[in-house]
Amino acid sequence: MSPFVLLLDWQGFEKDKYVHTVLEDNLLPHYLQKCSWLSNKKIGRIKITGAIRMQYEEDEFFFVYLQIKSAGSDPQTYLFPVSFVEEGTTEIPEEAFISRATLDEKEGFLVDAVYDPKFRLALFYNILRTTQTPQKNDQILEFDRGTGILEENELESSYLDIGSNNTAFVYNDKYFFKLYRTLHQGINPEIEVLRFLSRTQNFNSYADYCGSINLTENGNTVYTFGVLTEYIAESKDNWSLTGDYLNDFISGLVDGNFQVKEDVFVKVADLGRETAIMHDALFDLGSEESFRPEQINRTYRTEIHRQVEVSLDKVYDRLIDKYLELDTPTQALAWQFMEAKDKILNFIDQILTRVFNSLRIRIHGDFHLGQILINQNGIHVIDFEGEHLIPIEQRMIKHSPLKDVASMIRSYHYAVSAKLYNSDHTKKIPEKDLLRASDRWYKLMRDTFLEEYLGYFGPHHTLLKNNNEVNYLLQFHLLEKAIHELDFEISHRESWIKIPLKGILDVVREIEKLRTV
Numbered sequence: 032m033s034p035f036v037l038l039l040d041w042q043g044f045e046k047d048k049y050v051h052t053v054l055e056d057n058l059l060p061h062y063l064q065k066c067s068w069l070s071n072k073k074i075g076r077i078k079i080t081g082a083i084r085m086q087y088e089e090d091e092f093f094f095v096y097l098q099i100k101s102a103g104s105d106p107q108t109y110l111f112p113v114s115f116v117e118e119g120t121t122e123i124p125e126e127a128f129i130s131r132a133t134l135d136e137k138e139g140f141l142v143d144a145v146y147d148p149k150f151r152l153a154l155f156y157n158i159l160r161t162t163q164t165p166q167k168n169d170q171i172l173e174f175d176r177g178t179g180i181l182e183e184n185e186l187e188s189s190y191l192d193i194g195s196n197n198t199a200f201v202y203n204d205k206y207f208f209k210l211y212r213t214l215h216q217g218i219n220p221e222i223e224v225l226r227f228l229s230r231t232q233n234f235n236s237y238a239d240y241c242g243s244i245n246l247t248e249n250g251n252t253v254y255t256f257g258v259l260t261e262y263i264a265e266s267k268d269n270w271s272l273t274g275d276y277l278n279d280f281i282s283g284l285v286d287g288n289f290q291v292k293e294d295v296f297v298k299v300a301d302l303g304r305e306t307a308i309m310h311d312a313l314f315d316l317g318s319e320e321s322f323r324p325e326q327i328n329r330t331y332r333t334e335i336h337r338q339v340e341v342s343l344d345k346v347y348d349r350l351i352d353k354y355l356e357l358d359t360p361t362q363a364l365a366w367q368f369m370e371a372k373d374k375i376l377n378f379i380d381q382i383l384t385r386v387f388n389s390l391r392i393r394i395h396g397d398f399h400l401g402q403i404l405i406n407q408n409g410i411h412v413i414d415f416e417g418e419h420l421i422p423i424e425q426r427m428i429k430h431s432p433l434k435d436v437a438s439m440i441r442s443y444h445y446a447v448s449a450k451l452y453n454s455d456h457t458k459k460i461p462e463k464d465l466l467r468a469s470d471r472w473y474k475l476m477r478d479t480f481l482e483e484y485l486g487y488f489g490p491h492h493t494l495l496k497n498n499n500e501v502n503y504l505l506q507f508h509l510l511e512k513a514i515h516e517l518d519f520e521i522s523h524r525e526s527w528i529k530i531p532l533k534g535i536l537d538v539v540r541e542i543e544k545l546r547t548v
């Protein structure tokens, strides 16, 4: 525990420079080291740039804005809620304590509010009652109530460690609250998508929207602080389930058998169909403008061409710098990739000259096996916020739904590659045999998923107009995703570089089969 005793004044906390300075310089640099939502712990500077007041009955809490500059990254603003807990009144875990403090002559502690049961209850009941809390700067903290929330006679809450960039709570094993830690200007796309799906009622395989917390100014959303949804009880994410299937597959592989249980194909086909139903629900010709389908026009094509071309040049240069540090099999893949660069560029350039009649829509935006929960009631898609590091206005751009499809297909490739390359049971299997086995398993899953997905839409659906367009766009987005993965692995996991390289080379082989239209 810090030797500091903070003298808190809740009435003036928003502009209490002394308390802010002590937090910035002495308390938070140490405390944030144990916060799982902050990925880069090499903190250089912390600045408190604002504080938003929340009330419930007699209690007050603050959502503090922390601008953090970490090594190797630009400054980023995070949401950090705090509360005061009087000593001896509430059982708080040790990891919650920031500092000793006094408030209104009461002795206690300034704590990380996510561990404070009163804070968690305040979130829920303010949503239930659609509270509006005016701030001193003319902004309003608004609590929106969705259709999935009901009155609760008794409410128990618990902090849930989800090991991600957000923080989560569960209420009565019925409701799930997600606190967005990284702040981006505007309404979070997840809120828009969940509200939209709850209105259309054409897709039911998601967690019902129960409410959200938004900071507004003059009727416009400045930030979204969090979302409340249905809690998917007794569920397991599909990444973990796929890992279980792969354990069975590895057992057979070690004995020289290539066996995939029929149940695995059924589960993959089910996901392909549910993905198609999700995209069909998001495809609504009569919907409001933010969800109305759009053409794959020149402006859009020019921008995604620029993004992929820049990313390709970046990973090409980084791979050259890293080349001599790679193991021999990865070097071989890297060399094939570098030799194929001109072919890849020519393929990318086709996005500028092709004519597309297919449409683009709002999509999930971060679609992978970990975003799918499975329980006895079936499939549930979660986390519609998109990639959290991308600015919100970019996450709201409409894309071909095949961008989601490509992301899920790449997730299957990662699942089998990571499992086979990192399992103790496969260490005695020659790498070329592992590569062949992983390729076969991946392609079976890919083809099963695609067959069910495309079969749902048929050959002439307005969203996916014809096979030529589908083939090109799918390969384009597979390439886009694999390039993004390669950039990540070069920075973080050298031993995994071979996985996205293999994905890129798979696209190169498909490019050779495609004819320019």
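With positions in the sequence shown counted from 1, the corresponding number in the numbering used here is that position plus 31.
All C-beta atoms in this analysis are idealised placements derived from N, C-alpha and C, irrespective of residue type, glycine included.
Only a predicted model underlies this, so the values are computations on that prediction, with no experimental measurement involved.
Between Glu223 and Asp169, the C-beta spacing is not below 8 angstroms. When rounded, the separation of the alpha-carbon atoms in Arg176 and Asn157 is 9 angstroms. Taking all protein chains in view, the Cβ of Tyr354 is surrounded by fewer than 16 other Cβ atoms within 10 Å, so the residue is classified as exposed. A distance below 8 angstroms between beta-carbons, with the five flanking residues on each side excluded, links Met439 to the following residues of its chain, in chain order: Leu302, Thr306, Phe398, His399, Leu400, Phe480.
Shown here, Gln425 sits in a helix according to DSSP, grouped into three states.
As a beta-bridge residue in DSSP terms, Phe92 pairs with Met85. Around the beta-carbon of Thr493, fewer than 16 other beta-carbon atoms lie within 10 Å, marking it exposed.
Scanning Glu356, Tyr62, Ile460 for the CA closest to the CA of Ile129 turns up Tyr62. Selection Gly179, Ser195, Ala153 evaluated against Ser67 yields Ser195 as nearest (Cα-Cα).
Contact check between the stretch 446 to 462 and the stretch 251 to 261: fewer than three CB pairs, one atom from each, fall below 8 angstroms, which does not count as touching.
Within the stretch 37 to 86, complete beta strand (DSSP E) segments of at least 3 residues are not found at all. Taken through DSSP and simplified to helix, strand or coil, Leu400 comes out as helix.
By the Cβ rule, the stretch 417 to 425 does not count as touching the stretch 274 to 291, because fewer than three pairs are nearer than 8 angstroms.
With respect to the 8 angstroms criterion, Gly242 and Phe174 are classified as neighbours on the basis of their beta carbons. One alpha carbon belongs to Pro461, the other to Arg332, and they sit about 43 angstroms apart.
In the three-state scheme derived from DSSP, where H, G and I count as helix and E and B as strand, Glu325 is classed as strand.
As the crow flies, the alpha-carbon of Asn497 is around 6 angstroms from that of His491. If you ignore the 5 residues before and after Leu277, its C-beta comes within less than 7 angstroms of the C-beta of Ala446, Val447, Lys450, all in its own chain and listed in chain order. In this structure, Leu532 keeps its C-beta atom at 8 angstroms or more from the C-beta atom of Leu272.
A distance below 6 angstroms between beta-carbons, with the five flanking residues on each side excluded, links Asn388 to the following residues of its chain, in chain order: Lys496.
Closest in alpha carbon position to Phe44, among Lys73, Thr133, Asp56, Leu350, is Thr133.
Counted as a single uninterrupted DSSP element, the beta strand (DSSP E) harbouring Leu134 occupies residues 128 to 134. Boundaries for Ser114: no alpha helix (DSSP H) harbours it, while the beta strand (DSSP E) harbouring it runs 107 to 117, taken from the DSSP string. Rounded to the nearest angstrom, the gap between the Cα atoms of Glu91 and Ile413 is 31 angstroms. Within the DSSP bridge table, the entry for Thr252 names Thr247 as partners. Of the residues assessed, Thr255 falls on the buried side of the cut-off, its CB having 16 or more other CB atoms within 10 angstroms. With respect to Ile382, Phe507 sits close: the two C-beta atoms are nearer than 8 angstroms. Boundaries for Ile413: no alpha helix (DSSP H) harbours it, and the DSSP string shows neither H nor E there. Secondary structure of Thr213 (DSSP, three-state): strand. DSSP places Ser189 in the uninterrupted beta strand (DSSP E) bounded by 188 to 191. Burial of Pro432 is indicated by the presence of at least 16 other C-beta atoms within 10 angstroms of its C-beta. Cβ-Cβ distances below 8 angstroms link Leu210 to Leu110, Pro112, Val145, Asn197, Thr198, Ala199, Phe200, Phe256, Gly257 in the same chain, with the five nearest sequence neighbours on each side left out; the list follows chain order.
Here Phe94 is buried, its C-beta having at least 16 other C-beta atoms within 10 Å. For Gly317, no alpha helix (DSSP H) run applies, since DSSP gives it neither H nor E.
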